[in-house]
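J.: Going by this note's numbering, the sequence shown runs without a break in its numbering and finishes at 651.
Using N, Cα and C, we set each Cβ at its ideal position, and we do this for glycine too.
Since we're looking at a predicted model, the values are computed, not measured.
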Amino acid sequence: NFPLFRLSRKQIRVNTNTKFNHRQRAIDNITYAGDKECVCISVDSKDKLYLTNNFIPTHNTTSICLESIKDIAIPNNYILFGRKDLQEFKSTTLKELLGIVPEECITDHNKQDRIIRFVNGTELFYTNLDESRECLKKINSLNLGACIIDQAEEITFNVFTAIKGRLRRADTRRCFYAA
């Protein structure tokens, strides 16, 4: 707890006893539990948030969109972002991402080619991630610095393997995110 104001007359007026006690959480340990089937949760609410154990509000799509900012910030990076169904991606994940990224950071959004270009030279390509010949051909032509997949349980092992093999850019973090 640090004072918000230097002037005591203002600091006295700060109500620190509110129901909105925002504390950050961090992962402090990861233990391998074996291979288990996972389920992604999506809820039909305006903010898309849901409560996990201990009443922690969360949202997978928001998390990966926020994490993708780190890769967007790397100059001249090339990022693949998608999920199995392109229309679902556009109406949820893409909408969320465009709400997070400041407009002044985007130089071009080519909706036909599904590429967002940023002021630092980074390009984000979004697509459906299915096993169609067209999709696999496009994936195999990419030279990626990062890949972000929403609703990862929807994609097949073949698509996952193809994408993973395209993380090749040496000047980036070469990250793979899935939610």
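If distances are taken between C-alpha atoms only, which option among Ser604, Glu576, Gly617, Lys610 comes closest to Asp585?
T.: Lys610
J.: Near Arg638, what residues of its chain come up, given a Cβ to Cβ distance below 8 Å and the 5 sequence neighbours on each side ignored?
T.: Taken in chain order, the residues that qualify are Leu552, Ile611, Asn612, Leu614, Asn615, Leu616, Cys619.
J.: Can you give me the C-alpha to C-alpha distance between Ile627 and Phe561, rounded to a whole angstrom?
T.: 13 Å
J.: DSSP on Gly554, reduced to helix/strand/coil?
T.: strand
J.: So Leu601 and Val631 are in contact, right, with Cβ under 8 Å, and what is the actual spacing, rounded?
T.: 5 Å
J.: Restricting to Cα atoms, I'd like to know which of Thr594, Asn582, Lys567, Leu608 is closest to Thr534.
T.: Lys567
J.: Give, in chain order, every unbroken run of the beta strand (DSSP E) that is at least 3 residues long and sits entirely within the segment 551 to 592.
T.: 578 to 582, 587 to 590
J.: For Cys537, I'd like the list of residues in its chain whose CB is within less than 6 Å of its CB, leaving aside the five on either flank, ordered along the chain.
T.: Glu568, Leu569, Ile572
J.: Does the Cβ-Cβ distance between Glu595 and Ile587 come in under 8 Å?
T.: yes
J.: What is the DSSP secondary structure of Ile544, reduced to helix, strand or coil?
T.: helix
J.: Thinking C-beta only, is Pro547 closer than 8 Å to Asn592?
T.: Inclusion of Asn592 and Pro547 in the CB contact set at 8 Å is warranted, their separation being smaller than that value.
J.: Would Thr599 and Gly554 be called neighbours here (beta carbons separated by less than 8 Å)?
T.: yes
J.: Buried or exposed: where does Thr633 fall if 16 or more other Cβ atoms within 10 Å of its Cβ makes it buried?
T.: exposed
J.: With C-beta atoms as the reference, is Phe597 less than 8 Å away from Ile544?
T.: Cβ distance not < 8 Å, so Phe597 and Ile544 don't count as in contact.
J.: Can you look up Ala618 in the DSSP assignment and give me helix, strand or coil?
T.: strand
J.: Pick from Leu558, Ser540, Gln559, Lys482: whose alpha carbon is nearest that of Tyr550?
T.: Ser540
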